[in-house]
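Input: a single structure, listed below in structure tokens.
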């Protein structure tokens, strides 16, 4: 492959300047997608802007009662942040289903998000959690919902010169619980055939007051399925309500058939995984099944 | 394209080398430093044969740019034994016949050592999931898992107060 | 030394010492194919066809050749034109023209990834850049991927020089059916008509890749005097020599092939892909040239095992006695004729006594990479169908599946499928060991199911050369030409140590290059410990004869008055009884008693015996998701005798894992344009560590009388039973007979759902 | 005069479908030459594709003496991996 230039800026503004100055430049965080794409010739940037030498890019810090996860924070590191694990176990688990230990020691949620694969494991979990991302660019910073960043396979809402600086997660709501489950043919080292992220809030009375259900690999981007959540809100997650939720999930799924699964199987599994993920999230919300 | 100068530490020794900006750490280790113990099986992070330790964490060196490791610490299979004293994992691989062709072996040993550094008493499931990023086509993994578990037991014994 | 000895008499055979090459391999020092560097070497890259089937109307390499740093460009036109002749290739045989064309296409590209040109340059980057400057004028042709499609009258024809071998009358039009093989005995029609139960069905399995972790790589250096060297990791350096010499019309003595450590092969590294290309580039450039495949190239251009479509009818009497079998199979040979139909015939029902059988097999050409030997080539595909059908019979008749197999299993003296009687085989013993195993008796938890599969491989002998020499200090060196792919150095050292009665550590083993020792066939076909091992033992025995002779001369007695015991010469002559000479004492005086002590033995031993096995597999199936988890697995095999049990067990475990992968997840995915969509380890899903349980093994030892230590050969057989063992377990788990591999979650879910 | 049985596909490929013939030969070397005279091209194939069983025993030694009532079987050679 032709060799691009390599830059390792030390500030966000230097990184923005490098990226804005060269539309074919690419930011590098964990590199587990970018370097593979470079080697296969699918994505040959003119320059690589390594974000890891910028202060604050690696690590989890408290933010507005919740969390800010630096764009270059490896997935493994999320597991070491006890507060994050306690608040958003589903997000941390989703990020730690990606690849292998070796891959997760490099791969980042921001990279997973910006690679814009419909099957990205962390994205449905982040969407369910109501996460946002902070974007730096030539016109300053902006914050958008994670759900709004991917625009289709390999396409994002990032403008030239922009890159994701951090992913922000809200505080865990009282009575909140989240979960992410995926289906893969192998136990590890696989891309999700379907992934389901769920975040619930359940009152002490046992009534569900909020439900966000997001599915991966059933559409060109990860989907927040509002009908599915609505089917649970106001219920005590009785079997009938959960079945309605699953029905809404299947109805919203419009997967493709490819080497990883058929339309029939993906649609079926979207429902199955959503039901199972609701079960896990409900347990985490502290309500007996 | 001009080369980048990289100064790094590998197995405790300082190295300076010039590399292409897109060159992988694996290629730099193998071709610039002649450390050919790390192997390339896929070049895409799917087989783990190139596993090295970067600042204390295992990574696929095929998915790291050589340019990124300036000023950082790397450990490879060549540094696992202390001089001619094999690490217990290496010893157990030999005693239990945990290698056939041996091509994946360096990656497994580096990954397994990292596991035992993190978790001195993994159960079989933990060993299997930790090593899921290392492909072996010869052994069916049975003897590899046993070697790692046995090495863990031996290391626990060594560390236990007398 | 010719009869197997009592096991308890062995000192070394059957123990588990550390392999001689072990430390180098656990410390990263061993030099594998990709690790070798020649001074001044160039790097080459190969341009590969982006079409599955296309006529090559012209190749313009001028721009590539003009790129600074490019030193040589090669296309199919640079290959010598050859007379069609069938040559030995690895352990099988091929037309030399096909082998040459598979290294580089000439008039047509026959699969996506078929090499069409190559460039050598000072750096790999320059070579790859140069590939982009080569202009190939393709006329894209219709392609065909499926064997039954390829047999249709209107199917695109791959070769106009392939006529169906074995067809009657001899065909005069070319065909995509490369070979047709049949076996008939008895009256199948009547037998099936009178059977108490007949099961029938169509079983399919997909082409699968050998999946060795080390990609193909070689370095070649062809000098102006026409002498050349090749450094390569291959299962057979001699095979690389002979094939490269044939393709390039060179003298074999002019090519010296040095075997490097090999990172797996499983049959896939028994031929040549890169070596003739690297040689031609080297001759043009006048420098050594290295070519290394990427993983994607390995998948696109090297050999899978053929996929198969198997139609079977199997009939049994009410007591389970098999009375008739009718089997038709079609193997997907890929772009060039292969050799697996024969073994498909042999291994279909060769492990059972079936009086009436009509079996036919075809090899069909398609626009996929040329199929290549993979562990028991041709056996697992048809065994999957037979062992699945047996499971159905067991269920229908209410017979225990092991009892059903025991009732029909072949014994010594029974006829083999091709005629001759079986020797000391051990299928019955394996089945009995399975019955006695705690796994077979263990209760199944809810949601779990158990399947078994049996099978065998004929094993092989083949030519081998070995040298045993005694150093001046009385240590022993063994030299062979058989690459060590899974611990065979240890086995060779152990057999030599056993014979010489020396400690294992006093014997060291070298794998020599092709100019340093006589011919040996490839390491493959489960032949090495048998054939090369026998050569080593014979050489050790010859050396003992010399040592006794030298001791006799030192004592001034007749050689017949010297005995070799405990690694020492003992004098039996009157008046000198109990005089002893240690091997070191004899070796120290070797120069004065007749010269250095060594022996070379070159043999082509007969008497190899098949290895039979049976596997037990427990699965848990999540019926809602279709996911299958292998929860317990036991592989049982008659190994003759295990020289180093660790590495014998390892063969069983590795073969089982490969078979489990074949059964559950491995498959090639092609798009509508005939392009491979999963040419990598991410989506070509070989089992990872967390996919498998421990794989228990039982080594049944029924020694082979034709080998000094009873070896039968073990490597191939273990991949034969797993397909059915897994398939039968899944079928029993969901109550639906599974006919089509792989049993992906998607497939299993849909099958379970159809059942409702 | 050895009795020779020929298995598929060798029978169709080289012997016009004949699967049983009698050949006057004292060894496998002679037998292969005799068969090659009847069916040119067989000798080349014999080197790499054929295994010989003499009286039920696979043999790699073509000098093995054949008697008047020897049974020789021509079996396609199976290649391993």
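Residue numbers (the working numbering), protein chains in the order written: chain L, 1 to 289; chain Z, 1001 to 1162; chain P, 2001 to 2756; chain B, 3001 to 3081. C-beta: ideal position from N, C-alpha, C; glycine also.
Three or more C-beta pairs closer than 8 Å, one from the stretch 2219-2228 of chain P and one from the stretch 2275-2286 of chain P: is that the case here?
-> Yes, the stretch 2219-2228 of chain P touches the stretch 2275-2286 of chain P.
First and last residue of the uninterrupted alpha helix (DSSP H) at residue 2331 of chain P = From DSSP, residue 2331 of chain P is part of no alpha helix (DSSP H) but of the beta strand (DSSP E) over 2322-2334.
Just how far apart, CA to CA, sit residue 2323 of chain P and residue 2346 of chain P?
-> Straight across, the Cα-Cα distance linking residue 2323 of chain P with residue 2346 of chain P is about 18 Å.
Mind checking if residue 2669 of chain P is an interface residue toward chain L, Cβ cutoff 8 Å exclusive?
-> Yes, its Cβ sits closer than 8 Å to a Cβ of chain L.
Could you give the distance in angstroms between the alpha-carbon of residue 12 of chain L and the alpha-carbon of residue 136 of chain L?
-> The alpha-carbon atoms of residue 12 of chain L and residue 136 of chain L are separated by roughly 7 Å.
From P:2717, P:2099 and P:2121, pick the residue whose C-alpha is nearest to that of residue 2040 of chain P; which is it?
-> Of the listed residues, the one whose Cα sits closest to residue 2040 of chain P is P:2121.
Considering only C-alpha positions, which residue in the set Z:1116, Z:1147, Z:1143 and Z:1135 is nearest to residue 1156 of chain Z?
-> Of the candidates Z:1116, Z:1147, Z:1143 and Z:1135, the residue whose Cα lies closest to the Cα of residue 1156 of chain Z is Z:1116.
Decide if the stretch 2599-2614 of chain P is in contact with the stretch 2706-2715 of chain P; the criterion is three or more beta carbon pairs, one per stretch, under 8 Å apart.
-> They touch, by the three-pair rule.
On a CA-only basis, which of P:2027, P:2055, P:2177 and P:2622 is nearest residue 1083 of chain Z? Give me that one, please.
-> When P:2027, P:2055, P:2177 and P:2622 are compared, the shortest CA-CA separation from residue 1083 of chain Z is found for P:2027.
Excluding sequence positions up to five away, which residues of its chain have a Cβ less than 6 Å from the Cβ of residue 2001 of chain P?
-> Any reading at residue 2001 of chain P must be qualified, since the residue scores a pLDDT of 38, below 50, and its modelled position is unreliable; no value is offered.
Nearest-angstrom Cα separation, counted from residue 2726 of chain P out to residue 2740 of chain P = Pairing residue 2740 of chain P with residue 2726 of chain P, the inter-Cα distance amounts to about 12 Å.
Give the secondary structure of residue 1023 of chain Z by DSSP, where H, G and I count as helix, E and B as strand, and everything else as coil.
-> Residue state, collapsed to three classes: coil.
Straight-line CA distance for residue 73 of chain L to residue 109 of chain L?
-> Their backbone Cα atoms lie some 8 Å apart in a straight line.
Kindly say whether residue 2617 of chain P, judged by its beta-carbon, lies nearer than 8 Å to any beta-carbon of chain Z.
-> With a threshold of 8 Å between beta carbons, residue 2617 of chain P makes no contact with chain Z.
Taking C-beta pairs closer than 7 Å, name the residues in chain Z that residue 31 of chain L reaches, listed in chain order.
-> Those within 7 Å of residue 31 of chain L in chain Z are 1063, 1064 and 1065.
When Cβ atoms are compared, which residues of the stretch 2605-2636 of chain P fall closer than 7 Å to chain L?
-> The residues in question are 2624 and 2625.
Alpha helix (DSSP H) segment containing residue 2439 of chain P, residue limits = Per DSSP, the continuous alpha helix (DSSP H) segment holding residue 2439 of chain P begins and ends at 2438-2441.
Using DSSP with H/G/I as helix, E/B as strand and the rest coil, what is residue 2003 of chain P?
-> Because the pLDDT at residue 2003 of chain P is just 43, under 50, the model does not fix this residue reliably, and the value given afterwards should be weighed accordingly. Looking at residue 2003 of chain P - three-state DSSP - the assignment turns out to be coil, as it is neither helix nor strand.
Contact set between residue 2168 of chain P and chain B, taken where Cβ atoms lie within less than 7 Å | At a C-beta separation below 7 Å, residue 2168 of chain P has these neighbours in chain B: 3012 and 3017.
C-beta atoms of residue 2723 of chain P and residue 2207 of chain P nearer than 8 Å = Against a cut-off of 8 Å, the Cβ pair of residue 2207 of chain P and residue 2723 of chain P comes out as no contact.
Could you round the C-beta distance between residue 2490 of chain P and residue 2019 of chain P to whole angstroms and report it? I think they count as a contact, below 8 Å.
-> Indeed, because the Cβ distance is near 4 Å, the residues count as touching under 8 Å.
Going by the CB atoms, is the gap between residue 2422 of chain P and residue 2527 of chain P shorter than 8 Å?
-> Their beta carbons are not under 8 Å apart, which means residue 2527 of chain P does not touch residue 2422 of chain P by this criterion.
By Cβ distance, which residues of its chain are closer than 8 Å to residue 78 of chain L, with the 5 residues on each side in sequence left out?
-> Excluding sequence neighbours, residue 78 of chain L sits near 60, 69, 84, 85, 91, 92, 95, 96 and 109.
From residue 3001 of chain B to residue 3026 of chain B, what distance separates their C-alpha atoms?
-> Looking at the two C-alpha atoms, the distance is approximately 8 Å.
Locate the alpha helix (DSSP H) running through residue 103 of chain L, then write down its first and last residues.
-> Segment 101-104, the alpha helix (DSSP H) holding residue 103 of chain L.
Looking at the C-beta of residue 2297 of chain P, does it have a partner C-beta in chain B at a distance below 8 Å?
-> No, because no Cβ of chain B sits closer than 8 Å to the Cβ of residue 2297 of chain P.
How long is the line joining the alpha carbons of residue 2685 of chain P and residue 3068 of chain B, rounded to whole angstroms?
-> Distance between the alpha carbons of residue 2685 of chain P and residue 3068 of chain B: 57 Å.
DSSP beta-bridge partners of residue 2037 of chain P | Secondary-structure assignment with DSSP links residue 2037 of chain P through no beta bridge to anything.
Note down, in chain order, every chain Z residue with its Cβ under 7 Å from the Cβ of residue 2656 of chain P.
-> Around residue 2656 of chain P, the beta-carbon contacts reaching into chain Z at under 7 Å are 1140.
Let me know the beta strand (DSSP E) ranges lying completely inside the stretch 62-115 of chain L, each 3 residues or longer, listed in chain order.
-> Whole beta strand (DSSP E) segments, 3+ residues: 66-70.
Buried/exposed call for residue 2095 of chain P, threshold 16 Cβ in 10 Å | When all chains shown are included, residue 2095 of chain P counts as buried.
Alpha-carbon to alpha-carbon, residue 2482 of chain P and residue 2544 of chain P | If I take the Cα positions, the gap works out to 23 Å.
Shortest alpha-carbon distance to residue 2289 of chain P belongs to which of P:2520, P:2274, P:2303 and P:2296?
-> Minimum Cα distance to residue 2289 of chain P is reached at P:2274.
Residue 2114 of chain P vs residue 2301 of chain P beta-carbon contact at 8 Å | The answer is yes: Cβ separation under 8 Å.
Which residues share a DSSP beta bridge with residue 3078 of chain B?
-> None, per the DSSP bridge assignment.
Close Cβ partners of residue 2172 of chain P (< 6 Å) along its chain, the five nearest in sequence each way excluded = Closer than 6 Å at the Cβ level, and outside the excluded window around residue 2172 of chain P, lies no residue.
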